[in-house]
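Input: a single structure, listed below in structure tokens.
There are 2 protein chains.
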Amino acid sequence: MSESSKTVKSDIEIAQEAVLTPIASIAEKLGLNESEWEPYGRYKAKVSAHLLEKLDADGKIILVTSINPTPAGEGKSTVTVGLGQALNRIGKKTVIALREPSLGPTMGLKGGAAGGGYSQVVPMEDINLHFTGDFHAITTAHNALAAFIDNHIHQGNSLNIDPRRIVWKRVLDLNDRALRHVIIGLGGKTNGVPREDGFDITVASEIMAILCLSLSLEDLKARLSRMLIAYTYDGEPVFVQDLQVEGALTLLLKEAIHPNLVQTLENTPAFVHGGPFANIAHGCNSILATKLGAKLGDYLVTEAGFGADLGAEKFLNITARAGKFTPNAVVIVATIRALKMHGGLTKDELKDENLDALAAGMENLACHIDTIRAFGLPYVIALNHFITDTDREVALVNEWCAENNHPMALSKVWEDGGAGGEDLARMVTKVIEETENHYHPLYALDDSIEEKIQTIVRKVYGGAKVEFSSKANRQLASFKKNGWDKLPVCMAKTQYSLSDNPKLLGRPHDFTMHVRELKISLGAGFIVALTGSVLTMPGLPKHPAALDMNVTADGKVTGLF
Amino acid sequence: MSESSKTVKSDIEIAQEAVLTPIASIAEKLGLNESEWEPYGRYKAKVSAHLLEKLDADGKIILVTSINPTPAGEGKSTVTVGLGQALNRIGKKTVIALREPSLGPTMGLKGGAAGGGYSQVVPMEDINLHFTGDFHAITTAHNALAAFIDNHIHQGNSLNIDPRRIVWKRVLDLNDRALRHVIIGLGGKTNGVPREDGFDITVASEIMAILCLSLSLEDLKARLSRMLIAYTYDGEPVFVQDLQVEGALTLLLKEAIHPNLVQTLENTPAFVHGGPFANIAHGCNSILATKLGAKLGDYLVTEAGFGADLGAEKFLNITARAGKFTPNAVVIVATIRALKMHGGLTKDELKDENLDALAAGMENLACHIDTIRAFGLPYVIALNHFITDTDREVALVNEWCAENNHPMALSKVWEDGGAGGEDLARMVTKVIEETENHYHPLYALDDSIEEKIQTIVRKVYGGAKVEFSSKANRQLASFKKNGWDKLPVCMAKTQYSLSDNPKLLGRPHDFTMHVRELKISLGAGFIVALTGSVLTMPGLPKHPAALDMNVTADGKVTGLF
């Protein structure tokens, strides 16, 4: 069945027509007893993070990643949801783990998202709005810390904090460019100490990254206490533990740490938990959700932000290492439309068959396949089908995969749900069963920061060399001096290109990466390497999605699509 | 039984030892079916606001108010909870309605509160932290509107908004003095338009007041669309509806509007919903919670912020009028300690018997009794017992009430729970049954703004006259011109004195009230008259309560007391 054979419905229409199973039944099917989960409404729940210590079994962890994203769309979340549904259909007990969406983009550009078509997680309206309040808890903890810092300075500044060197900004879960650069503490002596400050979006908060990398409430508290917040007038670092507020911050996050359980349109259990930025952070859902899902199912399907050069690289070098788990396979999502853009077409040229552009664009996919192989992992190509794909285009991809011995399957999960992903599901279980897994991170933590970055640039991006700005060089020296150099590196790079130039699609060669600046996230436990400019507080467009949103007197929602 | 005869436990210890009934049983006892409520964990629920239209019965509404608060403490929330428990004990089906606490003060000064001793609402830790996320939804809606305003200006400002005359600030549910006065939009052309701005605490948001005064989701949307956000360069008012974002804001509040159901330590059903500032707003829980509670019980006990001069006056002139209901009785809480402070003692002098000071302090109580009589309502004095009260002091209050024919009862609900409030409960039901109710607001909406304020000052505060600053006079003229003068008045005045001088305790006479400034809240539907300075963003103390808060690895909370 293709999209054209039924009335095309919007995602929200499909989601609103869904027949949901009470979350109590989903929890029961997972074998949870009442003390192990709490309802949030009839169709959402929080599952106790403490359960992780109690359960023995470990299911297989499948990571869904993609080629470099293009405006044509790849449908990575849709394939993640569809694959989970399909695995259940072929008799494999499977759980999905996804990130929570951020309200900022929902109100701004895109109106909300949690998969698409017949492969969505529901209740989509709740998931796209306040959900179970995790992001609000993070916003509150983040801003409470900022208030404690400013209050400390106001009340005498016994820690000798330099107000010009506070590295802890404030956050809101909104797109609000007017808050990027602000001056606070104005109005005279009773109103704090004037200083420059700024707001990021909540998903860029280090606390978001910490929540997603923590293995327990205790680990969360230890990570919070290690966060760097400022430097003294003498240049010494100041940490959260110096303010003694890690207990209060942990208290504010004591519910947020528990993974949220929902379901897909086909009642497959889905954890939707945490959502760190995929550029200045590691961009995948919480380790707790992933590990818990793997313990409750035989298979756990999760995804990481952007293409394999960013999301998968960080999942495999940072997340799996922090989570002490071994992934079992990687699904690389590609679409013919996106491959043709990597082959040189513009978005307007995509509707016509173009085998040359498609063949040229395969290079981008090839690079990501090489990356996954470099990590030693089994993989499958998921060709996510669109109605405009021609038979000859599909055949070309098939032949290319066959010639190069790449396991591949067509996905029609957008239009057909799990039924459209059964081939993919069978191929994934086959490679897990039949291929040896030699997973290993690409670099050792003892490598120098420069070596770690060079490894990623050469082995993942296919670049030639790395140049550090003078600022970055100064920071390298400072991090080394402070003993902060034994952490993994979190690359902040454009998602559109393998290089640091968003216009270079396909598979560029011999390029140089420019590391402009470094940033230390001691609580999250990584060093951020910034290449190019990274916007940590988005703005709203001229016509925000919010203008088309509404809710009727009886609660029916429109405009979240 | 007095406090001394058992080990004195802290509020959080008592709360943590409580045996809670599953919220499903509480809902069932109220006659709710599954479609009418949603669980938020095992011990919290949201009850559908739509239920209001479906239920016919109307129980009696009892308002708990007090004398002017002093540092000695009055225990109004404790009496409210205890009275509800006591009414149930004497066979009257009773529901309680209280405000939600704000995180700012919880982290700052007081560590959290929801009644005290054996008259608390539980789960107290949840109620004092994020609860069901209502405040976070309000914070988000408020700040989303601010972002829409700044984005509108940035994108071309077709409404011609004057950035110097934006009356919509931002909010956070924190105490953060450094955000009172800020400059935003710095950093050049891509980062918005520079302007002065500031943050209030969330409870001071007009959206909080609106949520608490709305009768339905439709009413909420209509009120949101009427909110004044700015003036144009030509001096014309700009409203939310001009930006066309009332649908999105309502969407963000579609869950927050449903009243939250919890229970007391004795399993009495309690709605805890909304919490507007008691100075620049009207200071009581949502009308939806109050009306729903009155429909589900035979009695509904609620409270309003500060003393009867502020909370009760606003409840009876603003809230009951907006909610189209008639209150049935008022309980005025007083303590011997507080009365002695009104009689001239300092806090350190309270432990010793002092009949003269007590006799002098009765004047403050007398004024509030006169207020409630002016509204035509039956009332009962609740003398909230403290361990330091002597028999002769209690006898003095008893005699004074008897001489003046004031119905009175002793309350020992802090130490004994509902059992300590049975006398009060019987007295309250007696006055409701035996006293004629002539309830009427003190002024007509058609009175001029000046007349309304004069009425409150003379009939409630006992003052002689009102003086308006030149700024207030200009605003009076502007409000009249815009047709905004037919709304009730919300007085912003110190809670410590009947006058606008916090040092004048007891019952001052012949004083003049000074109205410094007016503020229009068109969505909430009232005119705020500011007397003296009103802080809408509190600061943190030198040693914030947060420093003593903690949560252990297994989730046990300490430091919320």
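The listed protein sequences correspond, in order, to chains R and E.
For the first sequence, the numbering used here begins at 325 and goes up steadily by one.
For the second sequence, the numbering used here begins at 325 and goes up steadily by one.
Beta carbons: idealized from backbone N, C-alpha and C, even for Gly.
Treat the numbers as computed from the prediction; the structure is a model and nothing was measured.
Give a yes or no on whether the minimum CB-CB distance between Asp834 (chain R) and chain E is below 9 Å.
no
Would you kindly work out how many angstroms separate the C-alpha atoms of Gly647 (chain E) and His582 (chain E), rounded to a whole number?
16 Å
For Ala796 (chain E), which residues in the same chain have their Cβ closer than 7 Å to its Cβ, ignoring the five residues on either side in sequence?
Val839, Arg840, Glu841, Leu842
First and last residue of the alpha helix (DSSP H) that includes Phe803 (chain R)?
794 to 805
Closest residue to Leu707 (chain E) among E:Asn591, E:Gly741, E:Ile660 (Cα-Cα distance)
E:Ile660
Minimum Cβ-Cβ distance from Ile553 (chain R) to chain E less than 9 Å:
no
Taking only the alpha-carbon atoms, compute the straight-line gap between Ile611 (chain E) and Asp740 (chain E) and give it to the nearest angstrom.
30 Å
If I follow the unbroken beta strand (DSSP E) through Asn452 (chain E), where does it start and stop?
Taken as a continuous stretch (DSSP letters only), Asn452 (chain E) belongs to no beta strand (DSSP E), being part of the alpha helix (DSSP H) at 448 to 452.
Rounded C-alpha distance that separates Thr574 (chain R) from Val446 (chain E)
21 Å
Closer than 7 Å by C-beta to Asp834 (chain E): which residues in its own chain qualify, once you throw out the five before and the five after it? Chain order, please.
Ala788
So the beta strand (DSSP E) Trp361 (chain E) belongs to, where does it begin and stop?
361 to 363
Would you call Gly807 (chain E) buried or exposed, if buried means 16 or more other Cβ atoms sit within 10 Å of its Cβ?
exposed
Using DSSP's beta-bridge definition, name the partner residues of Gly440 (chain E).
E:Ser443
Using the beta-carbon count (16 or more within 10 Å), is Ser328 (chain E) buried or exposed?
Legend: pLDDT at Ser328 (chain E) = 42, less than 50; position of this residue unreliable, no value from coordinates given.
So, is Asp291 (chain R) buried or exposed, given that buried needs 16 or more other C-beta atoms within 10 angstroms?
A question about residue 291 (chain R) goes unanswered here, because the residues of chain R that appear run from 325 up to 885.
Which residues in chain R have a C-beta closer than 8 Å to the C-beta of Ile507 (chain E)? List them in chain order.
Val506, Ile507, Leu510
Can you confirm whether Gly741 (chain R), when its beta carbon is compared against all beta carbons of chain E, has any partner nearer than 9 Å?
no
Given that Arg366 (chain E) touches chain R, what residues does it touch there, using C-beta distances under 7 Å?
Glu362
Roughly how far, in whole angstroms, is the beta-carbon of Thr650 (chain R) from the beta-carbon of Pro702 (chain R), given that I think they are within contact range, below 8 Å?
In fact, because the Cβ distance is near 12 Å, the residues do not count as touching under 8 Å.
In terms of alpha-carbon separation, which member of E:Lys804, E:Thr463, E:Ile844 lies closest to Ser772 (chain E)?
E:Lys804
Indicate the three-state DSSP secondary structure (helix, strand or coil) for Pro593 (chain R) in the structure shown.
strand
Using CA coordinates, which residue listed in R:Gly406, R:Thr526, R:Asp809 is at the minimum distance from Pro593 (chain R)?
R:Gly406
With a 10 Å radius around its C-beta and 16 neighbouring C-beta atoms as the bar for buried, classify Gln799 (chain E) as buried or exposed.
buried
Neighbour list for Met873 (chain E) in chain R, Cβ cutoff strictly below 8 Å:
Gly571, Ala572, Leu575
Touch check for the segment 673 to 689 of chain R and the segment 716 to 724 of chain R: three-plus C-beta pairs under 8 Å?
yes
Beta strand (DSSP E) segment containing Arg413 (chain R), residue limits
Unbroken run through Arg413 (chain R) is the alpha helix (DSSP H), 400 to 413; no beta strand (DSSP E).
Report the residue ranges of all alpha helix (DSSP H) runs contained in full by the segment 582 to 653 of chain R; include only those spanning at least 4 residues, in chain order.
611 to 620, 644 to 647
Which residues in the same chain as Met665 (chain E) place their Cβ atom closer than 6 Å to its Cβ, once the five residues preceding and following it in sequence are excluded?
Thr394, Ala396
Among E:Tyr763, E:Gly631, E:Leu734, E:Asp382, the one whose alpha carbon lies nearest that of Met751 (chain E)
E:Leu734
Is the segment 515 to 525 of chain E touching the segment 476 to 493 of chain E in the sense that three or more CB pairs, one from each, lie closer than 8 Å?
yes
Is the CB of Met431 (chain R) under 9 Å away from at least one CB in chain E?
yes
Start and end of the alpha helix (DSSP H) containing Arg519 (chain E)?
Element bounds for Arg519 (chain E): not the alpha helix (DSSP H) but the beta strand (DSSP E), 519 to 521.
Out of E:Ser821, E:Thr779, E:Asp824, E:Met837, point me to the one whose CA is closest to Val790 (chain E)'s CA.
E:Met837
Let me know if Glu757 (chain E) comes out buried or exposed under the rule of 16 or more other beta-carbons within 10 Å of its beta-carbon.
exposed
Is the CB of Asp524 (chain E) under 9 Å away from at least one CB in chain R?
no
Counting contacts by CB-CB distance shorter than 9 Å, is Ala461 (chain R) in contact with chain E?
yes
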